[in-house]
Amino acid sequence: MNSSMSALERRAVAALACLYVFRMLGLFMLLPVLPLYAADYAFSTPVLVGLALGIYGLGQAVLQIPLGMLSDRIGRKPVIVAGLLLFAAGGVLAASAESIFTVIFGRLMQGAGAIASTLTATVADLTREQHRSKAMAAIGVSIGVSFAVAMVVGPGVAASFGVPALFLLTSALAMLGVVVAVFVVPSSRIQSRDPSARPLASLLLRCIRSPSLMRLNVGVFVLHMAMMALFLVLPARLTELGLAPAEHWMVYLPVMAAAFVLMVPALIVAEKKSWQALILRLAIALLAGVLLLASVLPFSLVSVLAVLLLFFTAFNYLEASLPALLSRSVYAGGKGTAMGVFASFQFMGAFCGGALGGWVLGHWGEAAVFLAAGLAGLLWLACTVGMVLPVQNISVTLSWPQGGWGYERLRNEVLCLPGTLDVTVFEDERQAYLRVSKGFDLAQLPAELYRRD
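Residues in the sequence shown are numbered consecutively from 0, following numbering that gives the first Met the number 0.
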């Protein structure tokens, strides 16, 4: 079996990684900046600053599910493009703000461009299951790279041109993302054996009732809550150590690079040894432990560096592995819906980390923020008790010469075969990914369809 991605998969992953980068830059660039420059806005308070950071996550959380479900019905690309346009409009509004309330509303509009679930479902659509973990890991790496870039660009742009310039930059990146979505992301048509005639409410209820999916949803909630809470405290600590905001990248960049180096072996070992459950729990324990440790460590540059390195080693591993596990757990025909629930929990975590973290910070101080996030990590670890990883299915690549086959014929003659789950068809490339259960008899397939892994 060929262990490498196809040219179509590589193109899809590269294009979607760019979309993730463009969007996540808009989130990450403001993390180390907004708490430092918030006093420039009228009516600014610690609670409202935390709300401005977290409100983006609220908008995302509320709309991920309906937009993910919509993408299961009308297709991924229309939802992606509409979300990017709304994100760009919110950035323009926030750039014009004179009060913290306008910033909050602009960030809410940006969050309403809730396409994370649709992007993740698209990754699952356009890659075969046996290459899904690699694709999700590549996306996770791109998000990490965007974080590192944001830590350099955000403080530098804010120091030179002001926070409004940052918002305008996020809007420009979103418009570039529209171009990539329309012209670079491969177009596909998807059909599951269990067709989309199932009512939307039934699809959503099935996601919420699934223990395996809900464990992953709770996990991503805690993960992003912890990250947002961390950045309510961290920029001020670095400033107290004598680093100007424009110099914070000197800390973030090397730490992020080192965290990636430490994270990659864990991904490789987990995949090769099938130790995903064990290493997942170890990463959660590391995340919770370092946050609890941060609540009692003496304040110094060494302690800040240690906390960052350990936190992002765990964070990067979990950020890459959780969506890969979700794509394996979800039922045929419901990827967009399941990813919508997952992304809603993710961004609700970001909202709670900002809003509640700001409230905790204002009442009890920095140590209480770390303590609360660490305790949440321990609760997540407890939720993994009894977790069983899903059985991995396989995907078969089908191709055919000009004419003779297409979406309708594949749906009618191939998808009905015993053991088939769903088919993703790329009519322009005359290819399809047929996802099947293990033990599927390839001899059932029509002889004129060329088959490979």
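No residue lacks a Cβ here, since even glycine has one placed at the ideal position from N, Cα and C.
Span of the beta strand (DSSP E) around residue i
{"i": "residue 479", "result": "There is simply no residue 479 to check, as the chain begins at 0 and stops at 452 in what is shown."}
{"i": "residue 430", "result": "430-435"}
{"i": "residue 453", "result": "One cannot answer for residue 453 here, as it falls past the ends of the chain, which runs 0 to 452."}
Short Cβ contact (8 angstroms threshold) for residue i with residue j
{"i": "residue 393", "j": "residue 203", "result": "no"}
{"i": "residue 255", "j": "residue 146", "result": "yes"}
{"i": "residue 56", "j": "residue 348", "result": "yes"}
{"i": "residue 28", "j": "residue 153", "result": "yes"}
{"i": "residue 261", "j": "residue 341", "result": "no"}
{"i": "residue 278", "j": "residue 284", "result": "no"}
{"i": "residue 15", "j": "residue 114", "result": "no"}
{"i": "residue 432", "j": "residue 188", "result": "no"}
{"i": "residue 185", "j": "residue 425", "result": "yes"}
{"i": "residue 156", "j": "residue 168", "result": "yes"}
{"i": "residue 322", "j": "residue 135", "result": "yes"}
{"i": "residue 376", "j": "residue 292", "result": "no"}
{"i": "residue 118", "j": "residue 79", "result": "yes"}
{"i": "residue 306", "j": "residue 289", "result": "yes"}
{"i": "residue 110", "j": "residue 58", "result": "yes"}
{"i": "residue 122", "j": "residue 12", "result": "yes"}
{"i": "residue 174", "j": "residue 87", "result": "yes"}
{"i": "residue 276", "j": "residue 92", "result": "no"}
{"i": "residue 217", "j": "residue 415", "result": "no"}
{"i": "residue 455", "j": "residue 445", "result": "Residue coverage of the chain in this structure runs from 0 to 452, which leaves residue 455 outside it and unanswerable."}
{"i": "residue 99", "j": "residue 47", "result": "yes"}
{"i": "residue 352", "j": "residue 247", "result": "no"}
{"i": "residue 53", "j": "residue 82", "result": "no"}
{"i": "residue 66", "j": "residue 339", "result": "yes"}
{"i": "residue 441", "j": "residue 399", "result": "no"}
{"i": "residue 423", "j": "residue 71", "result": "no"}
{"i": "residue 303", "j": "residue 237", "result": "yes"}
{"i": "residue 170", "j": "residue 74", "result": "no"}
{"i": "residue 131", "j": "residue 3", "result": "no"}
Residue i, buried or exposed, once every other Cβ within 10 Å from all chains shown has been counted against 16
{"i": "residue 421", "result": "buried"}
{"i": "residue 312", "result": "buried"}
{"i": "residue 301", "result": "exposed"}
{"i": "residue 221", "result": "buried"}
{"i": "residue 436", "result": "exposed"}
{"i": "residue 419", "result": "buried"}
{"i": "residue 194", "result": "Low per-residue confidence applies at residue 194: pLDDT is 46, beneath 50, and the placement is therefore not dependable enough to give any value."}
{"i": "residue 106", "result": "buried"}
{"i": "residue 17", "result": "buried"}
{"i": "residue 181", "result": "exposed"}
{"i": "residue 198", "result": "Bear in mind that the predicted position of residue 198 carries a pLDDT of just 49, short of 50, making it unreliable; the figure below should be weighed with that in mind. Flag for residue 198 reads exposed."}
{"i": "residue 196", "result": "Caution is warranted here: a pLDDT of 40 is assigned to residue 196, below 50, making its placement in the model unreliable, and no coordinate value can be reported."}
{"i": "residue 208", "result": "exposed"}
{"i": "residue 345", "result": "buried"}
{"i": "residue 240", "result": "exposed"}
{"i": "residue 404", "result": "buried"}
{"i": "residue 234", "result": "buried"}
{"i": "residue 362", "result": "exposed"}
{"i": "residue 336", "result": "buried"}
{"i": "residue 328", "result": "buried"}
{"i": "residue 50", "result": "buried"}
{"i": "residue 411", "result": "exposed"}
{"i": "residue 271", "result": "exposed"}
Residue i: CB within 7 angstroms of a non-hydrogen atom of the ligand MN
{"i": "residue 274", "result": "Looking for the ligand MN in the displayed structure turns up nothing, as the structure carries no ligands at all."}
First and last residue of the uninterrupted alpha helix (DSSP H) at residue i
{"i": "residue 121", "result": "115-125"}
{"i": "residue 169", "result": "162-182"}
{"i": "residue 222", "result": "210-239"}
{"i": "residue 299", "result": "Where residue 299 is concerned, there is no enclosing alpha helix (DSSP H), given that its DSSP letter is neither H nor E."}
{"i": "residue 25", "result": "6-27"}
{"i": "residue 248", "result": "248-272"}
{"i": "residue 128", "result": "Taken as a continuous stretch (DSSP letters only), residue 128 belongs to no alpha helix (DSSP H), as it is neither H nor E."}
{"i": "residue 35", "result": "33-36"}
{"i": "residue 409", "result": "406-412"}
DSSP beta-bridge partners of residue i
{"i": "residue 41", "result": "98"}
message: Runs of 4 residues minimum, wholly inside the segment 309-366: which ones carry the alpha helix (DSSP H) assignment?
response: 334-363
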